[in-house]
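Heads up: the first sequence begins at 3 in the numbering used here, then just goes up one per residue.
Note that CB positions come from ideal geometry on N, CA and C, so glycine has one too.
Everything numeric in this text was worked out from a predicted model, so none of it was measured.
Worksheet: the structure to be examined is printed underneath.
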Amino acid sequence: MFKSVDPNVKFPQLEEEVLAWWDANNIVAKALASGEKPFVFYEGPPTANGRPGLHHTISRSFKDVILRYRSMQGYRIIGRREGWDTHGLPVEIEIEKKLGFSGKPDIERFGIAEFNRLCRESVWEYIQEWKAFTKRIAFWLSEDAYITYENDYIESTWWIFRQLWDRGLLFRDYKVTMHCPRCGTSLSDHEVSLGARDDVDDPSVYVKFRVTGFTTPPPAVDGTLNGAFLVAWTTTPWTLPANVALAVKHDAEYVEVEHQGERLVMAAALAQSVLPADSFTVLRHFRGNDLVGLRYEPLFRGVPGDGDTVDWETTYRVIADEIVSLDDGTGIVHIAPAYGDLEVGRKHGLPTLFSVGLDGKVLPQFSELGFAGKFFKEADPDITRNLKARGLLLRSGRVRHYYPFCWRCGTPLLYYAKRSWYIRTTAFKADLVANNQQIHWVPEHIRDGRFGNWLENNIDWAISRERYWGTPIPIWTNADGSHMVCIGSLAELEAKVGRSLRDLDLHRPYIDEVVWEDPQHGLMRRIPDVADCWFDSGSMPVAQWHYPFEHREIFEMAHPADYICEAVDQTRGWFYTLHAVSTLLFDRPAFKNVICLGHILDEHGIKMSKSKGNVIEPEEVISAYGVDALRWYLFTAAPPGNARRFSMALVSESMRKFLLTLWNTYAFFVTYANLDQWQPNNGRTAELQPIDRWALAALNQLVQQVTAAFEDYDVYTAANAIEHFVDELSNWYVRRNRRRFWKSEGDADKEAAYQTLYTCLVTVAKLAAPFTPFVSEVMYRNLVAERDPSAPESVHLARWPQVDQTLLDPQLVADTEALLTAVSLGRAARKQANLKVRQPLSELWLRASTTSVLNGVRRFEAELRDELNVKAVRYLDASSTVVEYRLKPNLRLVGKKFGKLVPALTAALRDLSGAAARAAAQAVEAGQPLRLPVDGQDVELLPDEVLVESSAPEGYAVAEADGMLVALNTTVTEELRLEGAARDLVRYVQDARKSAGLAISDRIHLFLNSADETGLLTATLARYRDYISSETLSVELTVGNPPADAYTETDEFGDGMVTVGIVKATV
RNA sequence: GGGCGUAUAGCUCAGCAGGUUAGAGCGCGAUCCUGAUAAGAUCGAGGUCGGUGGUUCGAGUCCACCUACGCCCA
């Protein structure tokens, strides 16, 4: 006996029971240890200082589904372990917030040791929730986690640094980075984008630079512009003291104009927008190139960087550069390399001058001007006032534009040329691009689109952060920076300092205390920087195994990964850092297959965020519908790469549509199997009916499809194929075969039905196991494992189903499709004629677009008659004269062949009618070519190239689709009417039995009465009394009013009503 | 400003070597079927397939431009 199945299943509760069983039987550990051939997975590490959300559910579900599939195929999954990302600015900012800090000085005062201790603790703040979440969503990972802050992990990243160092790929340079003066650090591009706004109100000033002369060789304009003003535009007056040059567009047209007694120079195209109309007259025209080499009087003297010597001869001149655009401004661009134009400065040999320090305050050198020490944005008005007083301000106003802010603290950022450490990834651009070509991306467009594009525009990776909680960069230097070493292992460092460092925490500040005296170069100290935390996660293929210090063989087997999966925002994040580290170190990709997920939006298409209050917690969904429903929704609702709108209602729909359908089919099977005491492998013979063969053919086709889709990492297609099959299994196979299960004879036909349905359910349970691990487990346990001690105890330890080639039958599947189309058309025709299916009809005419479709229907004619309740099916061919034929070209074929002739050809075919059309239809049906004149030409059409349609025969109800036509004879004879009436009565009684709460096997005393339609009732009973009695298990049938204690219903009958009364019979 | 993606029914989404009447599910209304079903079937209302132009005998599908949104970059 199977365990009985509750049709009112509560999935969340069911899932809790499964979780308990997995625990009690150690299933997770067994699954993790199973398999032989390796399949390598990399877990992208989250940080546990925030709660798990829906976006974690989707990525973890897509990770899990592939791993379960591979595991069922007998693979041993390598790297199926937790990983935690623990370093980085976000962690530090959390702690700063808690302590009420406002920048690095606060941290230094507080003490780095204590600060880092708090950071280390805080990354585990929600670890319990993460553990519970991971378990509840059935994401199976070993708890043997890799943790990026552990010494072993850090040591591996040091090894990587050393590899890069030895190959000259680590370098130090000025580089403009986005700098947050409050946090005191550079921000990654990723971080900058988080805080940028495009509606920032800033000053907009037009500034005049007085021309004083020219360089050698002289510009084309020579000295004629001496005393004139070059007009430049800026929204950052605070950068003006750092100005070193003015740039023009080399081929653009410039003008010298007379304006209020002064001569001004700007781009011709922009003069109108800079100066009021009619306020100026154009004196002369130049090309941009003509101006190159002019010298001008600086507005202020900028301050050279520490240790830099400046050749002032190179400054304060006009250059030409591509960065100049004529979209806005004046066509003359103020260049301040320190605050953004470093590349331009370098190209033209300009020095880098500063006006503002790293703290965001104007340098003390400007104290005599009155704005030294002011925060840079607050210095803007002072600088503008100063210029105005000196007559160097043409115009000032305000503008709304894009400006970046620190994503955590909201402070305006500055572009700032700082000395930082870089990895020279640009040297490997070609390799990065080539290795990317080996990766299978889902969706495909990411490879050459977003990711490929990003690689094409590769820039060197800024790797250093002037922060505290991170992997310390293992570079030690002497005081003047003339000697540097990169340490690649703990042992190497121990050798340098001559003591054991085994118990040392490798983080700051402890690592900073590790110094040694170099006999030639003096005291060696570590540089203060820590690594970009993306470097940590990108190093995980190496560092998770403590390679090369340990586990060399695992690493070598486990690189590259067969599969990873994260959301699309990781293209510039983890996907890139993995790829970059792998390419630079090993010249191969880090992963072979990747599913790149779209984001989950709320039901209005807006990103979920705490501040908007539109966040749906996974727990809310899971407790309402269960994990299987949520997972199934995530797999089937949209292709994985698409952004998706999420709502509870959609998960509920997913549950009803798939899980409940599957569950009810399963419940049906178990109910009857138990009544019949049916067991699998019982040795009885089965006589398979065509519909059984169809189910098995469709099932094996499904196995084939799902397997192929999985091999292509196409989870969406795989899941939807299963959903489609389950729908057909339930709504066609089971519905059509109910009587075979409940009939009393235990013959070979019944055995065939049981075997077929059993096979389908067991196979579907296995196919669905990677997607919906809980319900699959329940079904498999009850149907297989609890009956058969030799079977694996869990569906997740079972083997993936194999295709039985002998059962595949594409013809049978196609024929059934044809049948289903015919059934659907027949119902449509009935609806049109307002004839319910219970009313039998005499005949149905059918014609199909092709003979093979027609034969398909013919094969299942009995089913068609039964489904549509008709006595006979007749087939229309071109010889029948009851219908009018219409002909159309098969455009798909004809279009290519006849091109421009198509419209005329279509018209010529359409114009055929009557006998001509019938003759043409007959020719096509007989496989003969059709000749007809088109546009004066004699055209020959092959039979395939013509589509034949037909009108409805007279007096028939007709429905038509895809070339198939079904026509019902709508004449209801008296005989048919009585049969229909009998079926009505049976239906009413069955309904009444159900409403009265009778058991299926209860016998009844039936009362029927019909005041208005006595004639019909009498006539019906005269003919169908026995049929009605036996169908409804009536031991007695009385015409007349039921007794008072009877259960009574009244229904429509003929043109009147009938009263149905039932009393349970005592047998 | 640039790149990538998305835009199809009230909602969630399919569709595409360019081809005949643009689909599914949900929701709504109606009818039907049903002794597994919270199910199913049929019909109906509901579509300028984001917009404009182009290529073509023919464009939701290809091309160009534009708009909105998302992500990423500057």
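**Report entry** T214 (DSSP reduced to helix, strand or coil)
**Finding:** On the first sequence, residue 214 is found 212 positions in, with the first residue counted as 1. DSSP, reduced to helix, strand and coil, places T214 within a strand of the structure shown.
Requested in this report: Within 10 angstroms of the Cβ of L763, are there 16 or more other Cβ atoms? Answer buried if so, exposed if not.
Outcome: One-based indexing of the first sequence puts residue 763 at position 761. Buried: at least 16 other Cβ atoms inside 10 Å.
**Report entry** Touching by the beta-carbon criterion (3+ pairs, under 8 Å), the stretch 894 to 907 and the stretch 763 to 773
**Finding:** Segments in contact, no.
Requested in this report: Would you mind giving the Cβ-Cβ distance between P366 and T354, rounded to the nearest angstrom? I have them listed as a contact below 8 Å.
Outcome: Taking the first residue of the first sequence as 1, we reach residue 366 at position 364. Taking the first residue of the first sequence as 1, we reach residue 354 at position 352. Contact between P366 and T354 does not hold, since their C-beta atoms are separated by about 18 Å, which reaches or exceeds 8 Å.
Query raised in the report: Which of helix, strand or coil does DSSP assign to R70?
Result: Counting from 1 along the first sequence, the entry for residue 70 is found at position 68. Helix.
**Report entry** H252 to E324 span [Cα, whole Å]
**Finding:** The count along the first sequence starts at 1 and reaches residue 252 at position 250. The count along the first sequence starts at 1 and reaches residue 324 at position 322. Their backbone Cα atoms lie some 8 Å apart in a straight line.
Query raised in the report: Using the rule of at least 16 other Cβ atoms within 10 Å of the residue's Cβ for burial, across every protein chain shown, is Y298 buried or exposed?
Result: For the purposes of this step, residue 298 is taken as the residue at position 296 of the first sequence. Buried is the call here.
**Report entry** Beta-carbon separation (whole angstroms), C535 vs S61, contact threshold 8 Å
**Finding:** As a working mapping, residue 535 is identified with position 533 in the first sequence. As a working mapping, residue 61 is identified with position 59 in the first sequence. In fact, because the Cβ distance is near 19 Å, the residues do not count as touching under 8 Å.
Query raised in the report: In chain order, which continuous runs of the alpha helix (DSSP H) of length 4 or greater are located wholly inside the stretch 765 to 838?
Result: Listed in chain order, they are 775 to 782 and 812 to 835.
Query raised in the report: From this set, E1038, R1025 and A831, which residue's C-alpha is nearest R1005's C-alpha?
Result: Residue 1005 sits at position 1003 when you count from the first residue of the first sequence. Each of E1038, R1025 and A831 was checked against the Cα of R1005, and the nearest Cα belongs to E1038.
Report task. In angstroms with no decimal places, state the Cα-to-Cα distance between E458 and K349. Result -> Mapped onto the first sequence, residue 458 falls at position 456. Mapped onto the first sequence, residue 349 falls at position 347. Approximately 22 Å between the Cα atoms of the pair.
Query - Alpha-carbon spacing of P812 relative to V717, whole angstroms - result: Here the question's residue 812 lines up with position 810 in the first sequence. Here the question's residue 717 lines up with position 715 in the first sequence. Cα to Cα, P812 sits roughly 24 Å from V717.
**Report entry** Backbone CA spacing between A230 and V213 [nearest angstrom]
**Finding:** The residue given as residue 230 occupies position 228 in the first sequence. The residue given as residue 213 occupies position 211 in the first sequence. Going from the Cα of A230 to the Cα of V213 covers about 6 Å.
Query raised in the report: Where does A959 fall in DSSP's three states?
Result: The count along the first sequence starts at 1 and reaches residue 959 at position 957. Strand.
Requested in this report: To the nearest angstrom, report how far apart L166 and K32 are at their CA atoms.
Outcome: Here residue 166 corresponds to residue number 164 of the first sequence, with the count starting at 1. Here residue 32 corresponds to residue number 30 of the first sequence, with the count starting at 1. So the alpha carbons of these two residues sit roughly 40 Å apart.
Query - Whole beta strand (DSSP E) elements within the stretch 1012 to 1056, 3-residue minimum - result: Taken in chain order, the complete beta strand (DSSP E) segments of 3 residues or longer contained in the stretch 1012 to 1056 are 1036 to 1041 and 1049 to 1055.
Query - Alpha carbon of I129 to alpha carbon of F773, nearest angstrom - result: Locating residue 129 in the first sequence gives position 127, counting from the first residue. Locating residue 773 in the first sequence gives position 771, counting from the first residue. Spanning the alpha carbons of I129 and F773 requires a straight line of approximately 26 Å.
**Report entry** Nearest-angstrom Cα separation, counted from V859 out to T1022
**Finding:** By 1-based counting over the first sequence, the position of residue 1022 is 1020. By 1-based counting over the first sequence, the position of residue 859 is 857. Approximately 33 Å between the Cα atoms of the pair.
Requested in this report: Check F231 in the structure and name its three-state DSSP category.
Outcome: For the purposes of this step, residue 231 is taken as residue 229 along the first sequence, with counting starting at 1. Strand at F231.
Requested in this report: Spatial neighbours of Q703 within its chain, please: CB distance less than 7 Å, with the 5 preceding and 5 following residues excluded, ordered by chain position.
Outcome: Position 701 of the first sequence holds residue 703. Sequence-distant partners of Q703 (beyond 5 residues in either direction) whose C-beta falls short of 7 Å from its own C-beta, in its chain, are L810 and V815.
**Report entry** As assigned by DSSP and simplified to three states, the class of N676
**Finding:** Sequence index remark: in the first sequence, residue 676 carries index 674 (1-based). Correct three-state label for N676: helix.
Query - Bridge-paired residues (DSSP) for A755 - result: Taking the first residue of the first sequence as position 1, residue 755 is located at position 753. In DSSP, A755 forms no bridge with anything.
Query raised in the report: Using a Cβ-Cβ cut-off of 6 Å (strictly less than) and excluding sequence neighbours within five positions of E1051, which residues of its own chain qualify?
Result: For the purposes of this step, residue 1051 is taken as the residue at position 1049 of the first sequence. Cβ neighbours of E1051 beyond the five flanking positions: A994 and V1062.
Requested in this report: Identify whether V859 lies in helix, strand or coil by the three-state DSSP scheme.
Outcome: Residue mapping note: residue 859 aligns to position 857 of the first sequence, counting from 1. DSSP places V859 in the helix class (H, G or I) of the three-state scheme.
Report task. Mind reading off the beta-carbon distance from P476 to F163? Whole number of angstroms is fine, and I expect it under 8 Å. Result -> Here residue 476 refers to the residue found at position 474 of the first sequence. Here residue 163 refers to the residue found at position 161 of the first sequence. About 5 Å separates the beta carbon of P476 from that of F163, a gap short enough to meet the 8 Å contact definition.
Query raised in the report: DSSP beta-bridge partners for T316?
Result: Stepping through the first sequence from its first residue, residue 316 is reached at position 314. DSSP output for T316 lists no bridge partner at all.
Query - Reduced DSSP category for D433 - H, G, I as helix; E, B as strand; rest coil - result: As a first step, residue 433 is located in the first sequence; it is residue number 431 there, counting from the start. Here DSSP, grouped into helix, strand and coil, assigns D433 to helix.
Requested in this report: Identify which residue in T1040, F862, P1044 and L987 has its Cα closest to the Cα of R840.
Outcome: The sequence position of residue 840 within the first sequence is 838, counting from 1. Considering only alpha carbons, the answer is L987.
Query raised in the report: Which term fits M542, buried or exposed, when burial requires 16 or more other beta carbons within 10 angstroms of its beta carbon?
Result: Here residue 542 refers to the residue found at position 540 of the first sequence. Under this definition M542 is a buried residue.
Report task. Decide yes or no for the touch test of the stretch 593 to 606 against the stretch 625 to 632: beta carbon pairs closer than 8 Å, at least 3 of them. Result -> Result no; under three Cβ-Cβ pairs closer than 8 Å.
Report task. List the endpoints of the continuous beta strand (DSSP E) containing L296. Result -> Within the first sequence, residue 296 is the residue found at index 294, counting from 1. Counting along the chain, the beta strand (DSSP E) containing L296 begins and ends at L296 to Y298.
Query raised in the report: At what residue ranges does the stretch 259 to 312 contain a whole run of the beta strand (DSSP E), taking only runs of 3 or more?
Result: Unbroken beta strand (DSSP E) runs of no fewer than 3 residues, entirely contained in the stretch 259 to 312, are found at 264 to 269, 282 to 289 and 296 to 298, following chain order.
Requested in this report: Taking V93 as part of the alpha helix (DSSP H), name the residues at either end of that continuous run.
Outcome: Locating residue 93 in the first sequence gives position 91, counting from the first residue. Taken as a continuous stretch (DSSP letters only), the alpha helix (DSSP H) holding V93 covers L91 to L101.
Query raised in the report: In three-state DSSP terms, what is S6?
Result: Indexing the first sequence from 1 puts residue 6 at position 4. Here DSSP, grouped into helix, strand and coil, assigns S6 to coil.
Requested in this report: Sort out for me which residues DSSP pairs H403 with in a bridge.
Outcome: Translated into positions along the first sequence, residue 403 becomes position 401. DSSP links H403 through a beta bridge to V202.
Requested in this report: Check H1007 in the structure and name its three-state DSSP category.
Outcome: Numbered from 1 along the first sequence, position 1005 holds the residue referred to as residue 1007. DSSP places H1007 in strand when its eight states are reduced to three.
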